[in-house]
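Chains G and Y supply the protein sequences, listed in that same order.
For the first sequence, this note's numbering assigns the number 1275 to the initial residue and increments by one for each residue that follows.
For the second sequence, this note's numbering assigns the number 157 to the initial residue and increments by one for each residue that follows.
Virtual Cβ for every residue (Gly too), placed ideally from N, Cα, C.
Note that the structure is a prediction, hence the values are computed from the model and not measured.
Take a look at the structure below.
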Amino acid sequence: MTHDEIFAKVRVTLVDALNVDDNEVTPTSRLKGDLNAESIDFLDIVFRLERQFGFSIPREDLFPEAIFQGDPKFVAGGKITESGLVELQSKMPYADLTEFRKDPRLDKMEDLFTVDLIVNYLESRVNKK
Amino acid sequence: MRWTWIDRFVAFEPRKSAVAVKNLSLAEDHFADHFPGFPVMPASLILEGLAQTGGILIGHANNFEKNVVLAKMSAKFHREAVPGEQLTYTTTLVDLNDTGGRVNGTVHVGDGLVAEAEIMFAHVSPAQLPPGMPDAKFVFSGELAYLLKMAEAATGTAKPA
C-alpha cells in the first residue's frame, strides 16, 4: 500500500468519525485544532482504523497519554525541556517535531496529532508485515 | 422515575448481540408533554433504550467489572413511535478492546425500521470518573442487571449462582 493509498483510507476514516468534509482533511490538518476532534474521538478513530486496516492498534502507539507524567526533568515552566523532547520523539516516533521544537510549549503539544502522524504510523505498520 | 428504558431482553448472545423490547404505554408521563394531544416517543428516550441494550452487551463482555460510559452516538430516525407500539432494540457488537467498545443498533416496530444508530462506549477507570460520580459501573447496578439475569435464565446461558 502506498502512502497516498493509506492517506485516502485515513481520510475516509476521519470523515466518518469526525463528521468533516473530504477537503478538510489534508496531510497537515491537526486533529484537534483543525478537525475539532475531542478526546473521545481518538478512541473512535482507533476503532475505525483497526477495521479499515485489519490489525490492532494499541492506543499508546498512536495517541499516547501522559507522556511526561509531570516529571520536572521533562517539563519546566510550561515548556518541554531538551530531555523532554528526546522522550517525546521516542514515544511519538511518527510525529514531525520540526515546528514544535521552535516553541515547545506543553499546551501546543496537541498540534502534533496530525493526519500525517496517523498516515506515517500506519505506513510503518503496513510495511512491516 | 426509574431510568430503565427496556422492558425485557428477548435474546442475548455474549460478546455478539443483544435484543430487548420496550412497550410504549400512554400511561408513561412523558407522553403527556411530548406532545400535548400528539403523543410520540421522544427520540432521546428511544436512543436511551438502545444504549442500555448495547451497554449491557459491552459490560457483560467484561463481567461488569469495568465502568462503561456512553461516549459517542450517531443516529438516524425513519419514523415516529407511538403509544401501543412495541419497540425492538437490536444491538450487535462491532468492536471491543480495553479502552471501549462499539455497537450497531436498530429499533424496529414489527418489520418497520424506526431508527438506526452507531453507539460508542468507553471504559473509564475510577480515577477518570467525573468528581462525585460513584464507581458503580453505571447502568449495571440494579434493574438492568436483573433483567439480563432473567434473560439468561430464559435462554439457559446463566451461570449457576
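Are the beta-carbon atoms belonging to residue i and residue j less than 8 Å from one another?
i, j, result
"residue 252 (chain Y)", "residue 214 (chain Y)", "yes"
"residue 168 (chain Y)", "residue 299 (chain Y)", "no"
"residue 1354 (chain G)", "residue 1338 (chain G)", "no"
"residue 1285 (chain G)", "residue 1278 (chain G)", "no"
"residue 234 (chain Y)", "residue 170 (chain Y)", "no"
"residue 1287 (chain G)", "residue 1319 (chain G)", "yes"
"residue 209 (chain Y)", "residue 248 (chain Y)", "no"
"residue 256 (chain Y)", "residue 272 (chain Y)", "no"
"residue 1283 (chain G)", "residue 1387 (chain G)", "no"
"residue 1336 (chain G)", "residue 1392 (chain G)", "yes"
"residue 250 (chain Y)", "residue 263 (chain Y)", "no"
"residue 244 (chain Y)", "residue 177 (chain Y)", "yes"
For residue i and chain G, any beta-carbon pair shorter than 8 Å?
i, result
"residue 305 (chain Y)", "no"
"residue 228 (chain Y)", "yes"
"residue 255 (chain Y)", "yes"
"residue 171 (chain Y)", "no"
"residue 217 (chain Y)", "no"
"residue 316 (chain Y)", "In this prediction, residue 316 (chain Y) scores a pLDDT of 42, lower than 50, which makes its location untrustworthy; no coordinate-derived value is stated."
"residue 301 (chain Y)", "no"
"residue 267 (chain Y)", "no"
Here's a check: name, in chain order, each residue in its chain whose Cβ is nearer than 7 Å to the Cβ of residue i, leaving out the five neighbours to either side.
i, result
"residue 1345 (chain G)", "none"
"residue 181 (chain Y)", "239"
"residue 1397 (chain G)", "1277 and 1280"
"residue 225 (chain Y)", "277, 278, 280 and 294"
"residue 199 (chain Y)", "233"
"residue 179 (chain Y)", "163 and 242"
Say whether chain Y places a C-beta atom closer than 8 Å to the C-beta of residue i.
i, result
"residue 1318 (chain G)", "yes"
"residue 1280 (chain G)", "no"
"residue 1387 (chain G)", "no"
"residue 1314 (chain G)", "yes"
"residue 1329 (chain G)", "no"
"residue 1304 (chain G)", "no"
"residue 1321 (chain G)", "yes"
Any idea which residues DSSP pairs residue i with across the strands?
i, result
"residue 258 (chain Y)", "Y:251 and Y:276"
"residue 1350 (chain G)", "G:1353"
"residue 263 (chain Y)", "Y:245 and Y:271"
Less than 6 Å between C-beta atoms, sequence neighbours within five positions excluded: which residues of the same chain meet that for residue i?
i, result
"residue 1365 (chain G)", "1338 and 1341"
Contiguous alpha helix (DSSP H) assignments of at least 4 residues, all confined to the stretch 160–203 of chain Y | 186–189
Segments of 4+ residues assigned as alpha helix (DSSP H) that fall wholly inside the stretch 1362–1392 of chain G | 1372–1376
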